[in-house]
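Chains as they are written, first to last, in this note's numbering: chain A, 47 to 144; chain B, 47 to 144; chain C, 47 to 144; chain D, 47 to 144; chain E, 47 to 144; chain F, 47 to 144; chain G, 47 to 144. What follows is a set of notes on a single structure, which appears directly below.
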């Protein structure tokens, strides 16, 4: 049976998507040295960090959101054969819709 | 169909403009070592970061603004063939009008 | 008789679990350079750190929780023959259930 | 037609003045290794940064002020043939009057 | 006559205990590179640091507490022949009872 | 005509005094590696920085004060033939009276 | 006539005491690499720093206190033939009584 992760604070658990590093017509040609965010799906969301005023800051993300996140962010969790990522919401840049 | 990005917090999505690195009469002659901001157009704007008082700080930018932003700022997003940039509003320096 | 630790502030005492570094079918093949959190069981929980508003921030963890925590976090405590770890709650990423 | 810059937050646009690096009687003789601020004229002023209390901090500078600013501060903006500088008000040290 | 130290702010004076670096059955075999906290007894406690709200944050420790503290923390005080340590309460990790 | 500097925020303009690096009886013998503050006279004082509560923090210094300041602090301003220094009030350590 | 220093903010002026680096029975044998605080007497005390709430934080020290302070802290002031030290109250660790 797979494990279930309940993130603390403002952590979120993300299942990384298949990353397309190669473009349709051939070889991938990076044209800059900038970091490229990665895509994934939100599987679990923490209750939010406690702000300076002592109250929980509400999370912007919810389970099921497709997101892009900083490529170097987070740590890997193993759930059976599945590789998950746990990272802070502040390392998630945007929600994505097709 | 192109993807749509909904930035979190104080992130904005910018479409970089054509950068004119060459002057009209010939070769580009940089006269200092200072960073040169780049121009672009705002495509999407986050809801604002949460301030120390627990309230959202309103964004100064809106969709359609032409802006200059720090040249090393942000990360690249790919939207079909289009190269976009996601960066924080604090890395945008000014709005530009012709 | 074993010692008993009463953590200060937002410290927690964790008993590290058996770490499975080898997969079922054979050799462990790490596919990334990302940090891998470790699992353990919470044995003791501090009263919480004092926030900027002068009040204690309540702890999210309680004794008995199974958790994953940053692998480089914490310091080792020796309790007889037992090796324990003391770390801050902010270094704990998630609670785990099977 | 020249571009017009509307700075965000606490940014200001400055037109750098002619810097006199050579003294009247001959060669410039620097007597210390300290940074030397530069002079310029304020062309545009942002609305002010948002303080910790969620309110805009009023700007001290206004358009037309002659100022000295940290010599390594800011980034260059090009406005036609003109070289401008964009920097934060906190990098401006003083107003100057003759 | 021995000196008496009255710590300022959130400092505490600790008398380091005898550190058992060797295990019962023989040579000490460290199994990790993690820092190992040390044990000691609290001899004096400061009045507490002043928090962001201008009020003193009450100390958790009191004279006589047995504690574990970060091994690299603090500075040495000499009180006659006795070697004491002065460190911040935040460098003390837990109280210990046998 | 000499320039007049009106410092912003918590900046102050100081006229450095004659530094006596040589003692009366002979060669200067530094006995430590510690930084030695320098003396000067306050010529102009800013209105004060804006604190976290959105209010100006009153300045402790006023024009005419003799002060000692961190020797590596500040930047040089040229006012005709005169070399002045601009630095933050927090880099001034004490007022001096003979 | 000796100079008089009036410290700003939370600075204090200390007259360093005679440091006993040699123990009674012979050579000084340092047994650790930890920093050893030094002793001195408080000669002057600033009015206190301004806290985040815009109010002055009262000083814990007063003129005449014997103190131990971080050995690397502070800067040297010369008052005639006398070597004084100016440092922040937070670099003073404890008051000392014999």
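Even glycine gets a Cβ: it sits at the ideal position worked out from N, Cα and C.
- A check of alpha carbon separations from residue 54 of chain E across E:64, E:82, E:91 and E:84 identifies E:91 as the nearest.
- Nearest CB-CB separation between residue 100 of chain G and chain F: below the 8 Å threshold.
- Within chain D, no residue has its beta carbon less than 8 Å from that of residue 86 of chain F; the closest one is some 13 Å off.
- Residue range 128-134 is occupied by the beta strand (DSSP E) that includes residue 133 of chain B.
- 8 Å or more divides the Cβ of residue 87 of chain C from the Cβ of residue 115 of chain C.
- The segment 97-108 of chain G makes contact with the segment 94-105 of chain F, as at least three CB pairs between them are under 8 Å.
- Within chain F, 97, 103 and 104 have C-beta atoms less than 9 Å from the C-beta of residue 96 of chain G, given in sequence order.
- Counting C-beta atoms within 10 angstroms of its own C-beta, residue 120 of chain E has 16 or more neighbours from the protein chains shown and is therefore classed as buried.
- Leaving aside the five residues that flank residue 112 of chain E on each side, the residues in its chain whose CB is nearer than 6 Å to its CB run, in chain order, 87 and 142.
- Separation of residue 105 of chain C and residue 95 of chain A (C-alpha to C-alpha, rounded to the nearest whole angstrom) is 11 Å.
- Residue-level contact by beta carbon holds for residue 51 of chain E and chain G, with a gap shorter than 8 Å.
- Put simply, the backbone Cα of residue 48 of chain D is about 15 Å away from that of residue 60 of chain D.
- When the five nearest sequence neighbours on each side are left out, the beta carbons in the same chain lying within less than 8 Å of the beta carbon of residue 57 of chain E are those of 92, 132, 133, 134 and 135, in order along the chain.
- The Cβ atoms of residue 51 of chain G and residue 139 of chain G do not sit closer than 8 Å to each other.
- Among the residues facing chain D, residue 93 of chain B is not included, as its CB has no counterpart in that chain under 8 Å away.
- Judged by DSSP in its simplified three-state form, residue 81 of chain A adopts coil rather than helix or strand.
- Between residue 109 of chain G and residue 89 of chain G, the C-beta gap is smaller than 8 Å, which places the two residues in contact.
- Proximity of residue 90 of chain C to chain A, defined by a Cβ-Cβ separation below 8 Å, is not satisfied.
- For the C-beta of residue 123 of chain G, not a single chain E residue is nearer than 9 Å; the gap to the nearest is close to 22 Å.
- Closest option to residue 81 of chain G, judged by alpha-carbon separation, among G:117, G:107, G:62 and G:64: G:117.
- For the beta strand (DSSP E) assignment, the uninterrupted runs of no fewer than 3 residues enclosed by the segment 84-111 of chain D are, from N- to C-terminal side, 84-91.
- The three-state reading of DSSP puts residue 64 of chain C in coil, since its state is none of H, G, I, E or B.
- Per the coordinates, the alpha-carbon of residue 128 of chain G lies some 57 Å from the alpha-carbon of residue 128 of chain D.
- Apart from the 5 residues on each side of it in sequence, residue 107 of chain E sits with its Cβ closer than 8 Å to the Cβ of 58, 88, 91, 113, 135, 138 and 141 in its chain, given in chain order.
- As DSSP reads the structure, residue 51 of chain A sits in a beta bridge with C:142.
- CA-CA distance, residue 144 of chain A to residue 103 of chain A, rounds to 28 Å.
- For residue 125 of chain C, the enclosing beta strand (DSSP E) begins and ends at 121-125.
- At a cut-off of 8 Å between beta-carbon atoms, residue 59 of chain C makes contact with chain E.
- Within chain E, the residues whose beta carbon sits less than 9 Å from that of residue 54 of chain C are 106, 107, 113, 135, 136, 138, 139, 140 and 141, listed in sequence order.
- Within its own chain, the residues whose Cβ lies closer than 6 Å to the Cβ of residue 125 of chain A, once the five positions on either side in sequence are excluded, are 48 and 49, listed in chain order.
- For residue 63 of chain B and residue 64 of chain D, the gap between their C-alpha atoms comes out near 31 Å.
- Using a Cβ-Cβ cut-off of 7 Å, residue 127 of chain E is close to nothing in chain C; its nearest Cβ partner there is about 29 Å away.
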